[in-house]
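Below is one structure, written out as structure tokens; the observations come after it.
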Amino acid sequence: GYGTPNDEGMEAVKLLARLEGILLDPVYTGKAMAGLIDGIARKRFKDEGPILFVHTGGAPALFAYHPHV
Numbered sequence: 001g002y003g004t005p006n007d008e009g010m011e012a013v014k015l016l017a018r019l020e021g022i023l024l025d026p027v028y029t030g031k032a033m034a035g036l037i038d039g040i041a042r043k044r045f046k047d048e049g050p051i052l053f054v055h056t057g058g059a060p061a062l063f064a065y066h067p068h069v
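The sequence shown runs contiguously to residue 69 in the UniProt record's numbering.
Now the structure itself:
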């Protein structure tokens, strides 16, 4: 539901932290990144040009979910 983490968002948080050293919160930006990753996997974007993801903050919320991330 809204305002709670989901499995896809948690995996996106872990992936971005591991690969890029970028911390996302597991609720909002984590879910947004999971959606972006899914959209790329499903080829919902044109091949040419960059894709921009705007990280709007919320990383301190990550620590509330410490045992799960």
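Cβ coordinates follow ideal geometry from the N, Cα and C atoms, glycine included.
In this text, all values refer to a predicted model and were calculated from it rather than measured experimentally.
Bounding residues of the alpha helix (DSSP H) (the contiguous stretch that carries residue i)
i, result
"Leu23", "Counting along the chain, Leu23 falls outside any alpha helix (DSSP H), and DSSP gives it neither H nor E."
"Gly35", "29-41"
Expected contact under 8 Å - CB spacing of residue i and residue j to nearest Å
i, j, result
"Phe45", "Ile51", "6 Å"
"Asp7", "Ala59", "Contact doesn't hold; Cβ gap of about 20 Å is too wide."
Nearest residue (CA-CA) to residue i, options the options
i, options, result
"Glu20", "Tyr2, Arg42, Met33, Phe63", "Met33"
"Lys14", "Tyr2, Val27, Gly3", "Val27"
"Lys31", "Val54, Met10, Asp47", "Met10"
"Thr4", "Glu48, Leu23, Thr29, Gly49", "Thr29"
"Thr56", "Tyr2, Ala12, Leu23", "Leu23"
heavy atom of the ligand ZN below 7 Å from residue i C-beta
i, result
"Ile51", "The ligand ZN is not part of this structure, which contains no ligands at all."
Closer than 8 Å to chain B by CB, residue i
i, result
"Leu15", "Among the protein chains of the structure shown there is no chain B, as only one such chain exists."
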